[in-house]
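All the letters of the sequence shown, read from the start, carry residue numbers 52 to 418 under the working numbering.
Glycine included, each C-beta is placed from N, C-alpha and C at the ideal position.
In what follows, a structure is listed as structure tokens, so that the remarks can point back to it.
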Amino acid sequence: MEPPAKKKKFIRPSAIGTRKSARIGNKNKSMKEIFICGDVWLNIFSCLEPAELGLKIALLSGRFDALVDTHFKGRKWALGDLKLQQRSKENGIGMEIIKKLDDDHANSKHLPIPQQPLSANINGFKCIEINWFPSLKPAEALIGWHNIIAFLHRVRRLFEPDITLELDIYENKCWEMMTNEIWPLITANSISKMVLFSNKCLGELRTRISPTILRDCTNLRWVMAGLYNLFPGFPADDADGASDGQALAQWLHIPRGDGRPKVCDCRLSNVAGLEALKAAFLNATTSVGFLIVAELWGVSVVDVEPFELQNRRTRERLTLRHVNNCWLLDICMIQRSPIVRDEQQWTEWEREALEEDWNNVLKINLF
């Protein structure tokens, strides 16, 4: 006899499971209906690399393609790190641009001098370095110079915000061309930092442009003259006939309008210069803040001892301390500041004075 057939178990649908499945379905449907407005996407695009936008995002849909196009039309760009130099013989005469592609300058790209006006989307640069050698064949050198001036005219508006001007010029002819053709393209008030490489830079600027040139650059807040023996001289004076050191001291003792200290990077080659600075501080009747980063040159650390002086009339202190640095140089930091001050803020300003990572650097090298 066959065994009785087993009864099939009736499985009743779970109401809970049904509701859960419905919620998941509605959620997926809602996700498909979420719309992110274009302004949000445009803000996100500013955080992405141009290549990723053009080669990936723009290909997702027609809408993204249009958004990426809108982004590129409004995005601001910087020129990066450019060097203008004489072309090699195989590339013809005149100047060319070498664009540095990485921070360690291992990779670069050779480009022709652009002939078109500067795009309105370009709003700055990392560094523009001009290298010109008049010792080349006169005809070739003249063509190269015309290339340089034409290029500077095209990018002139980039010099309107604060720039760092670096000068390394030697020959009288080069100084004439610099002051007659390049200087008029630069607004004096746009220079925030000035780096003087050769031992006659400041003297040439004061002779050819104005004895008060440092003071005339009203936004100038940082001067580097540490590659030759220039230290603030006293009495401070920038009149015609005063020394370059006196002119440097005159500029240093004019307060900035924003309350921050000016910075002078220079060389201390004799203790007498330091003693004159101390005497000027003790006799002062008005206050001013500054930082002097001084490389010891011809004097030893033993000769320059740390100190702290106070002027009760101006409620200030003048201090000197030695600085540890990665360049293995003997450097001291001289500070003139209020006796009562924000220590954290002054520590930050001191750190900035030892750094040289700048943007908008215009280097003029004429040999």
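Taking 8 Å as the threshold, find out whether the region 185-198 comes into contact with the region 206-218 through three or more Cβ pairs.
no
Under DSSP, the beta strand (DSSP E) around N416 begins and ends at which residues?
Sequence index remark: in the sequence shown, residue 416 carries index 365 (1-based). For N416, the uninterrupted beta strand (DSSP E) run begins and ends at V412 to L417, by DSSP.
Per-residue burial, P357 [other beta carbons within 10 Å of its own, 16 or more giving buried]
In the sequence shown, the residue the question calls residue 357 occupies position 306. Per the 10 Å Cβ criterion, exposed.
Less than 6 Å between C-beta atoms, sequence neighbours within five positions excluded: which residues of the same chain meet that for L369?
Here residue 369 corresponds to residue number 318 of the sequence shown, with the count starting at 1. Around L369: F332, L360 and R387.
Decide if the region 299-309 is in contact with the region 390-397; the criterion is three or more beta carbon pairs, one per stretch, under 8 Å apart.
In this structure the region 299-309 does not touch the region 390-397; the number of beta carbon pairs closer than 8 Å is below three.
Note the first and the last residue of the continuous beta strand (DSSP E) segment covering L209.
Locating residue 209 in the sequence shown gives position 158, where the first residue counts as 1. For L209, there is no enclosing beta strand (DSSP E), as DSSP gives it neither H nor E.
Return the chain-ordered list of same chain residues with a C-beta closer than 6 Å to the C-beta of C225, the five sequence neighbours on each side being excluded.
Against the sequence shown, residue 225 aligns to sequence position 174. The answer, listed in chain order, is L417.
Suppose you measure from the CA of I233 to the CA of L413; what does that come to, to the nearest Å?
Here the question's residue 233 lines up with position 182 in the sequence shown. Here the question's residue 413 lines up with position 362 in the sequence shown. Rounded to the nearest angstrom, the two C-alpha atoms are 11 Å apart.
Does the beta-carbon distance from F96 to L106 come in below 8 Å?
Here residue 96 refers to the residue found at position 45 when the sequence shown is read from its first residue. Here residue 106 refers to the residue found at position 55 when the sequence shown is read from its first residue. For F96 and L106, no; Cβs fall outside 8 Å.
Can you list, in chain order, the residues of its chain whose CB lies under 8 Å from that of I164, leaving out five sequence neighbours each side?
In the sequence shown, counting from the first residue as 1, residue 164 sits at position 113. Hits under 8 Å: L135, G145, M146, E147, I148, N198, A201 and F202.
What three-state label does DSSP hand F123 in the structure shown?
For the purposes of this step, residue 123 is identified with residue 72 of the sequence shown, where counting begins at 1. Secondary structure of F123 (DSSP, three-state): helix.
Residue nearest to E406 in terms of C-alpha spacing, selected from K124, G324, W273 and C268:
As a first step, residue 406 is located in the sequence shown; it is residue number 355 there, counting from the start. In terms of CA proximity to E406, W273 leads the group K124, G324, W273 and C268.
So what's M82 in DSSP terms, helix, strand or just coil?
Taking the sequence shown and counting its residues from 1, the one referred to as residue 82 is at position 31. Note that M82 scores 46 on pLDDT, short of 50, meaning its location in the model is unreliable; the coordinates nonetheless yield the value given after this. Reduced to three states, the DSSP call for M82 is helix.
Looking at the secondary structure, which residues open and close the beta strand (DSSP E) in which F285 lies?
Within the sequence shown, residue 285 is the residue found at index 234, counting from 1. Where F285 is concerned, there is no enclosing beta strand (DSSP E), given that its DSSP letter is neither H nor E.
Per DSSP, which residues does P163 bridge with? Please list them.
Locating residue 163 in the sequence shown gives position 112, where the first residue counts as 1. Answer is E147.
Look at the alpha carbon of T336 and the alpha carbon of V355, and state the distance between them as a whole number of angstroms.
Residue mapping note: residue 336 aligns to position 285 of the sequence shown, counting from 1. Residue mapping note: residue 355 aligns to position 304 of the sequence shown, counting from 1. Rounded to the nearest angstrom, the two C-alpha atoms are 26 Å apart.
Identity of the residue in N280, G277, I305 and D289 nearest L256 by Cα
Against the sequence shown, residue 256 aligns to sequence position 205. Closest option to L256, Cα to Cα, is D289.
Are the Cβ atoms of F440 and R307 separated by less than 8 Å?
The first residue shown for the chain is 52 and the last is 418, placing residue 440 beyond what the model contains.
Below 8 Å on the Cβ atoms is my guess for A293 versus V344; work out the distance and round it to an integer in Å.
Within the sequence shown, numbered from 1, the residue matching residue 293 stands at position 242. Within the sequence shown, numbered from 1, the residue matching residue 344 stands at position 293. With a Cβ gap of about 23 Å, A293 and V344 do not count as contacting.
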